[in-house]
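Since the structure comes first, as structure tokens, the remarks are kept for the end.
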Amino acid sequence: MSFFLETLIGGLLSGTMLSLAAIGFVLIYKASGVFNYSQGSLLLLGALTFATLTGKGFPMIPTLAVTIVLLILAALAIERFLLRPLTNRSPMTLFMATLGLAYIIEGVAQGVMGAEVQALDLGIEDIPIFVGDILISQFDLVAAGVAITLTAILSFIFHRTRFGISLRAVADDTRAALSLGMDINRIWQIVWSLAGIVGLVAGLLWGARQGVQFSLSLVVLKALPVLIIGGFTSVAGAIAGGLIVGAGESLAETYLGPFVGGGITPWFAYVLALVFLSFRPAGLFGERQIERV
Amino acid sequence: MTRPILQVKNISLSFRGVKAISDLSFDVAEGEICALIGPNGAGKSSLLNILNGVYRPDAGEIVFVGTPFHEINPLDAARRGIGRGFQNNALFSGMSVMDNVIVGLSRHSRTTIIEEALSLPRARREAMQFRQRAAEVLGLFGLTPYAKTIVGTLAYGLQKKVEIARAVVSDPALLLLDEPLAGMNAAEKEDVLAVIADLNRRLMLTIVLIEHDIAAVMKLAHHIVVLDYGRKLAYGAPDAVRNNPAVIAAYLGGRKNEVAA
Numbered sequence: 008m009s010f011f012l013e014t015l016i017g018g019l020l021s022g023t024m025l026s027l028a029a030i031g032f033v034l035i036y037k038a039s040g041v042f043n044y045s046q047g048s049l050l051l052l053g054a055l056t057f058a059t060l061t062g063k064g065f066p067m068i069p070t071l072a073v074t075i076v077l078l079i080l081a082a083l084a085i086e087r088f089l090l091r092p093l094t095n096r097s098p099m100t101l102f103m104a105t106l107g108l109a110y111i112i113e114g115v116a117q118g119v120m121g122a123e124v125q126a127l128d129l130g131i132e133d134i135p136i137f138v139g140d141i142l143i144s145q146f147d148l149v150a151a152g153v154a155i156t157l158t159a160i161l162s163f164i165f166h167r168t169r170f171g172i173s174l175r176a177v178a179d180d181t182r183a184a185l186s187l188g189m190d191i192n193r194i195w196q197i198v199w200s201l202a203g204i205v206g207l208v209a210g211l212l213w214g215a216r217q218g219v220q221f222s223l224s225l226v227v228l229k230a231l232p233v234l235i236i237g238g239f240t241s242v243a244g245a246i247a248g249g250l251i252v253g254a255g256e257s258l259a260e261t262y263l264g265p266f267v268g269g270g271i272t273p274w275f276a277y278v279l280a281l282v283f284l285s286f287r288p289a290g291l292f293g294e295r296q297i298e299r300v
Numbered sequence: 279m280t281r282p283i284l285q286v287k288n289i290s291l292s293f294r295g296v297k298a299i300s301d302l303s304f305d306v307a308e309g310e311i312c313a314l315i316g317p318n319g320a321g322k323s324s325l326l327n328i329l330n331g332v333y334r335p336d337a338g339e340i341v342f343v344g345t346p347f348h349e350i351n352p353l354d355a356a357r358r359g360i361g362r363g364f365q366n367n368a369l370f371s372g373m374s375v376m377d378n379v380i381v382g383l384s385r386h387s388r389t390t391i392i393e394e395a396l397s398l399p400r401a402r403r404e405a406m407q408f409r410q411r412a413a414e415v416l417g418l419f420g421l422t423p424y425a426k427t428i429v430g431t432l433a434y435g436l437q438k439k440v441e442i443a444r445a446v447v448s449d450p451a452l453l454l455l456d457e458p459l460a461g462m463n464a465a466e467k468e469d470v471l472a473v474i475a476d477l478n479r480r481l482m483l484t485i486v487l488i489e490h491d492i493a494a495v496m497k498l499a500h501h502i503v504v505l506d507y508g509r510k511l512a513y514g515a516p517d518a519v520r521n522n523p524a525v526i527a528a529y530l531g532g533r534k535n536e537v538a539a
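So the sequences go chain by chain: Y and C.
Here the first sequence stands for residues 8 to 300, where the numbers follow the working numbering.
Here the second sequence stands for residues 279 to 539, where the numbers follow the working numbering.
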């Protein structure tokens with residue numbers, strides 16, 4: 008029993024890392040109905056900048072501030088030069104633009120800071136501790152704590168403030184929001200900045216675990232099933248989706264793995280997502296149907 | 279006639295060479311209801327889109343409260359006090375009636391988005407004021423019982439009232455309405471007509487509207503602009519337009535009885 012619990016808890020905790028990666032997508036999807044393919048690149052950009060600077064001996068807190076400023080500047084530039092010229096275009100057009108943007112960010116970031124794997128030490132011990140008779144990774148606990156805090160902050164912003172109302176209005180009908188005097192360019196700037204910062208947090212945690220390198224940007228592919236399960240428009244959904252995928256992967260690998268020769272983790276999330284797509288295409292907490300592309 | 283609040287001067291607009299509006303001019307006086315009528319494709323909606331900055335005319339000038347428009351966008355138009363309702367409604371359908379109307383106050387917001395996101399004192403105060411103002415307007419429209427209802431679940435006629443409430447909550451100087459009566463049953467029409475007439479009479483709100491229901495237009499409007507293929511076919515008070523031979527011949531196809539109805 009305790010082995011089952013250990014597997015389950017370990018899975019849930021590593022699921023929060025998936026949730027963190029997914030939340031960045033939710034922010035932008037909520038505000039513009041667009042799946043932001045470049046979220047993974049933003050995540051890489053943030054983690055790479057942080058790792059490069061700390062690798063050169065800069066202290067952590069100022070480096071974090073500098074990285075956040077860089078991500079905000081990137082968000083402003085993206086809004087000005089990519090989103091504004093494409094105002095009122097279809098979500099498909101915007102999606103394609105984010106696809107292109109992903110390559111630009113990856114190219115520039117790796118061109119400037121190099122493509123080697125960089126170790127990232129956040130000073131969090133990755134030594135498992137015993138809680139009762141269950142072994143739990145300390146690092147996973149910290150990651151879960153960060154994810155929960157971040158979700159609480161974002162939920163407050165979305166549901167308790169007027170910015171949240173504005174955000175939902177823009178997502179619902181951009182044309183009407185504009186005609187009422189809502190500055191949607193400003194809203195996009197903020198949303199992309201927030202998505203960048205959430206991406207940075209996710210990137211740091213993922214980077215600390217597996218090293219900062221190009222493959223970090225592939226969290227897009229990790230986050231997709233989480234989003235399908237939780238719903239593209241809900242932060243709570245991203246959390247739930249992450250937990251389901253995390254726990255599912257971990258349990259499946261342990262209990263089903265031996266029967267199929269292991270290696271379940273890479274594809275199990277997609278199987279779960281397919282099941283959800285057949286029964287609940289909008290996801291657990293999603294508001295709208297996902298368009299068939 | 280009081281001074282014009284809106285002057286449309288020699289406006290032309292074309293889409294890829296196809297003329298939507300040619301050399302159109304008319305004035306709208308402060309406090310009047312001006313109706314745009316004409317068959318589909320006559321350029322009515324295009325004109326409305328020019329008036330709130332969605333389209334830019336190829337030639338001509340719009341003067342609003344004495345100031346010409348230069349390269350304005352919908353945001354500028356809203357900030358200058360042009361409110362707008364859309365054809366078939368453009369409500370935030372997943373949000374409550376109250377929240378919809380609160381968004382209508384966006385143009386008066388003086389707090390930054392950062393303050394709003396962090397719920398700082400100034401933003402909280404403003405949010406309270408907005409809520410109060412929105413509640414007042416809901417009362418005026420008889421929508422108070424629906425304040426917390428998700429707008430997408432309301433009947434169409436009520437939705438239209440919410441949309442108009444959302445457009446006027448910010449005290450615009452000019453209200454644009456695109457076929458406010460379309461798709462409604464007789465009772466709903468009565469209701470919305472009364473709302474529009476009331477806004478005009480009691481709040482002295484200037485309104486430019488597009489409407490296909492000729493009988494309603496004749497009752498409601500002070501002046502009517504008849505458009506046909508982007509040109510002004512006639513302009514005048516309802517009676518003058520009703521008896522204008524060009525209008526009868528071109529737009530109404532000689533069915534004068536229908537006009538008189």
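Heads up, the beta-carbon is just placed ideally off N, CA and C, and yes, glycines get one too.
Bear in mind the structure is a predicted one, so any value in this text is a computation, not a measurement.
DSSP three-state assignment for residue i, whether helix, strand or coil
i	result
Thr94/Y	coil
Lys297/C	strand
Asp147/Y	helix
Arg362/C	strand
Glu536/C	Confidence at Glu536/C is low in this model, with a pLDDT of 48, below 50, so the placement of that residue should be treated as unreliable; the coordinate-derived value is given next. Helix at Glu536/C.
Tyr333/C	coil
Glu298/Y	For Glu298/Y, the pLDDT reaches just 49, beneath the cut-off of 50, and the residue's location in the model is therefore unreliable, although a value from the coordinates is still provided. Coil, per DSSP.
Arg182/Y	helix
Gln220/Y	coil
Gly18/Y	helix
Ile251/Y	helix
Tyr44/Y	coil
Ser303/C	strand
Leu129/Y	coil
Asn521/C	coil
Phe342/C	strand
C-beta atoms of residue i and residue j nearer than 8 Å
i	j	result
Phe412/C	Met376/C	For the record, residue 412/C in the displayed sequence is Ala; it is not Phe. Result yes, Cβ atoms of Ala412/C and Met376/C sit closer than 8 Å.
Ser200/Y	Ala82/Y	yes
Gly237/Y	Phe292/Y	yes
Leu322/C	Leu455/C	The sequence given here places Lys at residue 322/C; Leu does not occur at that position. No, they are not a contact pair.
Gly372/C	Ile428/C	yes
Leu279/Y	Val252/Y	yes
Ser26/Y	Asn330/C	no
Ser9/Y	Ala109/Y	no
Ile204/Y	Ile85/Y	no
Ser300/C	Arg444/C	no
Ile131/Y	Ala215/Y	yes
Met24/Y	Leu212/Y	yes
Within-8 Å CB hit, residue i to chain C
i	result
Leu157/Y	no
Ile297/Y	Here the model assigns Ile297/Y a pLDDT of 49, short of 50, so the residue's position is not dependable, and the following value carries that caveat. So no, Ile297/Y is outside the interface.
Phe170/Y	yes
Val300/Y	Any reading at Val300/Y must be qualified, since the residue scores a pLDDT of 46, below 50, and its modelled position is unreliable; the value itself is stated next. False, the Cβ-Cβ gap to chain C never drops below 8 Å.
Arg87/Y	no
Ala28/Y	no
Ser97/Y	no
Phe292/Y	no
Ile204/Y	no
Arg91/Y	no
Ala82/Y	no
Ile197/Y	yes
Min CB distance residue i to chain Y below 8 Å
i	result
Glu349/C	no
Pro352/C	yes
Lys534/C	With a pLDDT of 46 at Lys534/C, under the threshold of 50, the predicted position of this residue should be treated as unreliable, and no value is reported.
Met373/C	yes
Arg362/C	yes
Ile442/C	no
Asn521/C	no
Asn318/C	no
Taking three-plus beta-carbon pairs below 8 Å as touching, is the stretch 343-361 of chain C in contact with the stretch 445-462 of chain C?
Remark: three or more beta-carbon pairs, one from each stretch, lie closer than 8 Å, so the stretch 343-361 of chain C and the stretch 445-462 of chain C are flagged as touching.
Pair every Cβ in the stretch 139-157 of chain Y with every Cβ in the stretch 10-28 of chain Y, then say whether three or more of these pairs are closer than 8 Å.
yes
With a threshold of 8 Å, are at least 3 pairs of Cβ atoms found where one atom belongs to the stretch 388-401 of chain C and the other to the stretch 162-177 of chain Y?
yes
Residues, ordered as in the chain, of the stretch 382-393 of chain C that lie near chain Y by beta-carbon distance below 7 Å
Gly382, Ser384, Arg385, Ile391
Please identify, using Cβ separations under 9 Å, the residues of the stretch 178-192 of chain Y that lie next to chain C, in order along the chain.
Ala178, Asp179, Asp180, Arg182, Ala183, Ala184, Leu185, Ser186, Leu187, Gly188, Met189, Asp190, Ile191, Asn192
The stretch 282-306 of chain C: which residues have C-beta closer than 8 Å to a C-beta of chain Y, in chain order?
Per Cβ criterion, the list is empty.
Stretch-stretch touch, CB-based, cutoff 8 Å, three pairs: the stretch 487-501 of chain C with the stretch 456-475 of chain C
yes
Quick check: the stretch 267-281 of chain Y against the stretch 282-299 of chain C, are at least 3 beta-carbon pairs closer than 8 Å?
no
For the stretch 29-37 of chain Y against the stretch 262-271 of chain Y, are there 3 or more C-beta pairs whose distance is under 8 Å?
Between the stretch 29-37 of chain Y and the stretch 262-271 of chain Y, the count of C-beta pairs closer than 8 Å stays below three; the two stretches do not touch.
Check whether the stretch 459-466 of chain C touches the stretch 430-444 of chain C, counting contact only when three or more Cβ pairs, one atom from each stretch, lie closer than 8 Å.
yes
If you pair each beta-carbon of the stretch 50-64 of chain Y with each one of the stretch 176-190 of chain Y, do three or more pairs fall below 8 Å?
no
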